[in-house]
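Here the sequence shown is numbered in my numbering, starting from 1072 and rising by one per residue.
Comments concern the structure below.
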Amino acid sequence: MRSHIQFLLGLALFSIICLVQTKSIIEPCSSSDSCFSLLSFVVPWDSKLSEIASHFQVNVSDVLAANSIFPISQKLSDQIIRSKSVVKIPTSCPCVDGIRRSMSTNYTVQASDTLETISEGFGRLVSADQLATVNSINATNRLTNGGRLVIPLPCTCLNNVRNGETTVYMSYVVREGESLRSIASGSKTTVSDLEAINGLGHATVEPGDIIAVPIAACSSATLNWYNESLIVPNGSYALTASRCIKCSCNPTDLRLQCYPSGLPVPCFNLQCKESNLVIGDQHVTYFKPGCNVTQCLYRGHRGGKILRSVSKSSYLKCPENLTYNAASPWPSISLNPAIMPFGALSPYPSPSPVSDASMHTAQVSMELLLLLLWICFL
């Protein structure tokens, strides 16, 4: 009996240490340049999409783009996102005081708020201790109703490169029951990559740790665009040229594919000169043993003018996926009127049956944990 209690005490103390000593990546920096990054936000309670966007001070359309939801409509702002859904939040990642972090999000304190509830409201992407430190909250400078807090959200740049490939990094809060292996499997990366990126000496993470997850991305760097550059993560899209052009990241070859967005905005210069092709269109002429491909390509924009040009190529072996016509409707995701179907990197583990003995042990463990916490604060 005594050894059993000692085991439970050790387990409770270990849990306290793990909760306090959570890990997160710290990226030193010296450049003033910002990069595009993502936050993996676990919705703490049922919320409208517009409320989530406002919470992080981003546009609804940018949240939809990051989660590859299209077409865009005003009704989507009122869609209810169920609690525990995972939403990718786009954010800019600048260099602040020598490290990468986002400091542009602010929060107005409500009457019932505590640092813990504010942390929970941001999906634990920021801790109560971080909120207190950045905002100088202490015994003499307490939270006040209506006060404004800076929310130091995590972000990672790493030059938008991983193993020589264009990469966008997403800050991810480790959840109960997850491991580096399960996170790597769900995000199409490897345990060794996650260890290297996050400076981990071993493949162990704890709930509440924040790690950077790499997402392969498409870049316009080699596309000869005029005065414009885009980096688009795989599984998302970007709107450019005053929302006239939609550029998606092809997961097969990680090349940007740009077409007219079809959104109700005034758009001009979508057709290539001396051609019947619109941006995104291509015409294929087959011959033995190959084919000629003529394409109308997006080349950026200048002022209110969309730049485009005709590209002609010949192939001995014709590339696949040569059937797209920009005039056809872009495929969209069917939405349940009550739930926005955002996907999670890995699902929450489902509860397993618990015996009476296990329930008793859990109750004893909780009582001991509360006792230890009480002792710590004496």
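Ideal Cβ placement from N, Cα and C applies to all residues, glycine included.
Requested in this report: With DSSP as the reference, please indicate the residues paired to T1261 in a beta bridge.
Outcome: Taking the sequence shown and counting its residues from 1, one reaches residue 1261 at position 190. Answer is none; T1261 lacks a bridge partner.
Requested in this report: Note down the Cα distance separating S1258 from G1374, rounded to an integer number of angstroms.
Outcome: In the sequence shown, residue 1258 corresponds to position 187, counting from 1. In the sequence shown, residue 1374 corresponds to position 303, counting from 1. Each residue's Cα considered, the two are about 38 Å apart.
Query - Spatial neighbours of T1179 in its chain, beta-carbon cut-off 7 Å, leaving aside the 5 residues before and after - result: Residue 1179 sits at position 108 when you count from the first residue of the sequence shown. G1217 and R1219, listed in sequence order.
Query raised in the report: Who are the Cβ neighbours of Y1357 in its own chain at under 6 Å, not counting the five residues just before and after it?
Result: As a working note, residue 1357 is residue 286 in the sequence shown. So the list is empty, once near-sequence residues are dropped.
Report task. In angstroms with no decimal places, state the Cα-to-Cα distance between A1283 and A1309. Result -> Taking the first residue of the sequence shown as 1, we reach residue 1283 at position 212. Taking the first residue of the sequence shown as 1, we reach residue 1309 at position 238. So the alpha carbons of these two residues sit roughly 22 Å apart.
Report task. Could you give the DSSP three-state label for Q1342: helix, strand or coil? Result -> Residue mapping note: residue 1342 aligns to position 271 of the sequence shown, counting from 1. In the structure shown, Q1342 sits in a strand (DSSP, three-state: E or B).
Query raised in the report: Could you give the C-beta distance for Q1342 and V1349, rounded to a whole number, given that I count them as a contact under 8 Å?
Result: Here residue 1342 is taken as the residue at index 271 of the sequence shown, counted from 1. Here residue 1349 is taken as the residue at index 278 of the sequence shown, counted from 1. 5 Å between Cβ atoms; contact.
Query raised in the report: Short check: CB of V1262 to CB of R1252, under 8 Å?
Result: Indexing the sequence shown from 1 puts residue 1262 at position 191. Indexing the sequence shown from 1 puts residue 1252 at position 181. Yes; because the gap between Cβ atoms is below 8 Å, this pair is in contact.
Query - Buried or exposed by the 16-neighbour rule on C-beta atoms within 10 Å, applied to D1352 - result: As a position in the sequence shown, residue 1352 is number 281, starting the count at 1. So D1352 ends up on the buried side.
**Report entry** Candidates L1196, N1269, S1332 and P1161: closest to V1129 by CA position
**Finding:** Translated into positions along the sequence shown, residue 1129 becomes position 58. Cα-wise, what sits closest to V1129 is P1161.
Query - S1123 - DSSP class collapsed to helix/strand/coil - result: Taking the sequence shown and counting its residues from 1, the one referred to as residue 1123 is at position 52. For the record, residue 1123 in the displayed sequence is Ile; it is not Ser. I1123 falls in the helix class under three-state DSSP.
Query - Cβ neighbour criterion (16 or more within 10 Å) applied to E1098 - result: What you label residue 1098 is simply residue 27 of the sequence shown in a count that begins at 1. Classification for E1098: buried.
Query - With 16 other Cβ atoms within 10 Å as the buried cut-off, status of N1295 - result: For the purposes of this step, residue 1295 is taken as the residue at position 224 of the sequence shown. Flag for N1295 reads exposed.
Query raised in the report: Would you call the CB atoms of I1152 and S1118 closer than 8 Å?
Result: What you label residue 1152 is simply residue 81 of the sequence shown in a count that begins at 1. What you label residue 1118 is simply residue 47 of the sequence shown in a count that begins at 1. Contact flag set, yes.
Report task. Can you tell me the Cβ-Cβ gap for P1225 and S1101, rounded? I've got them flagged as a contact below 8 Å. Result -> The count along the sequence shown starts at 1 and reaches residue 1225 at position 154. The count along the sequence shown starts at 1 and reaches residue 1101 at position 30. Contact doesn't hold; Cβ gap of about 19 Å is too wide.
Query raised in the report: Any idea which residues DSSP pairs F1141 with across the strands?
Result: The count along the sequence shown starts at 1 and reaches residue 1141 at position 70. None; F1141 has no bridge partner.
Requested in this report: Please list, in chain order, all residues of the same chain as S1190 whose beta carbon is under 7 Å from its beta carbon, the five residues on each side excluded.
Outcome: Counted from its first residue, the sequence shown places residue 1190 at position 119. Counting only Cβ-Cβ distances below 7 Å, and skipping sequence neighbours, we find V1197, S1198, A1199 and L1202.
Query raised in the report: Can you pull the DSSP bridge partners for P1099?
Result: For the purposes of this step, residue 1099 is taken as residue 28 along the sequence shown, with counting starting at 1. P1099 pairs with I1170.
Report task. Mind checking which residues open and close the beta strand (DSSP E) that includes E1236? Result -> In the sequence shown, residue 1236 corresponds to position 165, counting from 1. Here the beta strand (DSSP E) through E1236 covers E1236 to V1244.
Requested in this report: Would you tell me roughly how many angstroms separate the C-alpha atoms of K1359 and T1365, rounded to the nearest one?
Outcome: Here residue 1359 corresponds to residue number 288 of the sequence shown, with the count starting at 1. Here residue 1365 corresponds to residue number 294 of the sequence shown, with the count starting at 1. Near 17 Å, if we compare the C-alpha coordinates of T1365 and K1359.
Query raised in the report: Can you pull the DSSP bridge partners for G1375?
Result: Counted from its first residue, the sequence shown places residue 1375 at position 304. DSSP output for G1375 lists no bridge partner at all.
Query raised in the report: Per DSSP, C1164 is paired with what?
Result: Residue numbering aside, residue 1164 sits at position 93 when the sequence shown is read from its first letter. Answer by DSSP bridge pairing, in chain order: C1106.
Requested in this report: Give me the Cα-Cα distance between P1453 and G1306, rounded to the nearest whole angstrom.
Outcome: Look at the range of the chain in this structure, 1072 to 1449, and you will see that residue 1453 is not part of it.
Query raised in the report: Just reading off the alpha helix (DSSP H) that A1210 is part of, what are its end residues?
Result: On the sequence shown, position 139 is the one that residue 1210 refers to. First-last for A1210: undefined, no H or E at that position.
Query raised in the report: Smallest Cα separation from V1232: which of R1172, S1132 and S1290?
Result: Walking along the sequence shown from the start, residue 1232 turns up at place 161. It is S1290 whose Cα lies nearest to the Cα of V1232.
**Report entry** Start-to-end residues for the alpha helix (DSSP H) that takes in Q1201
**Finding:** Here residue 1201 refers to the residue found at position 130 of the sequence shown. A1199 to V1205 is the extent of the alpha helix (DSSP H) around Q1201.
Report task. Could you check the C-alpha separation between I1377 and A1312 for me, to the nearest Å? Result -> Along the sequence shown, read from residue 1 onward, the residue named residue 1377 stands at position 306. Along the sequence shown, read from residue 1 onward, the residue named residue 1312 stands at position 241. Cα to Cα, I1377 sits roughly 7 Å from A1312.
Report task. Enumerate in chain order the residues of its own chain whose CB-to-CB distance from R1314 is below 7 Å, with the five nearest sequence positions on each side excluded. Result -> Position 243 of the sequence shown, counted from the start, is the residue given in the question as residue 1314. For R1314, where only same-chain residues beyond five positions count, the Cβ hits under 7 Å are S1332, L1334 and V1336.
Query - CB of C1389 within 8 Å of CB of G1361, strictly - result: Reading the sequence shown from its first residue, position 318 is the one you call residue 1389. Reading the sequence shown from its first residue, position 290 is the one you call residue 1361. Contact flag set, yes.
Query raised in the report: On the three-state DSSP scale, how would you describe L1251?
Result: In the sequence shown, counting from the first residue as 1, residue 1251 sits at position 180. Three-state result, L1251: helix.
Query raised in the report: Taking W1116 as the reference, which of I1302, V1158, N1234 and E1266 has the closest Cα?
Result: Locating residue 1116 in the sequence shown gives position 45, counting from the first residue. The residue with the shortest Cα to Cα distance from W1116 is V1158.
**Report entry** Own chain, CB closer than 6 Å to P1165, minus 5 neighbours either side, in chain order
**Finding:** To locate residue 1165, count along the sequence shown from 1; it is residue 94. The residues are S1105.
Query raised in the report: Helix or strand or just coil, what does DSSP make of L1135?
Result: Locating residue 1135 in the sequence shown gives position 64, counting from the first residue. Three-state result, L1135: helix.
Report task. Could you tell me which residues DSSP puts in a beta bridge with G1361? Result -> For the purposes of this step, residue 1361 is identified with residue 290 of the sequence shown, where counting begins at 1. BP columns for G1361 point to F1358.
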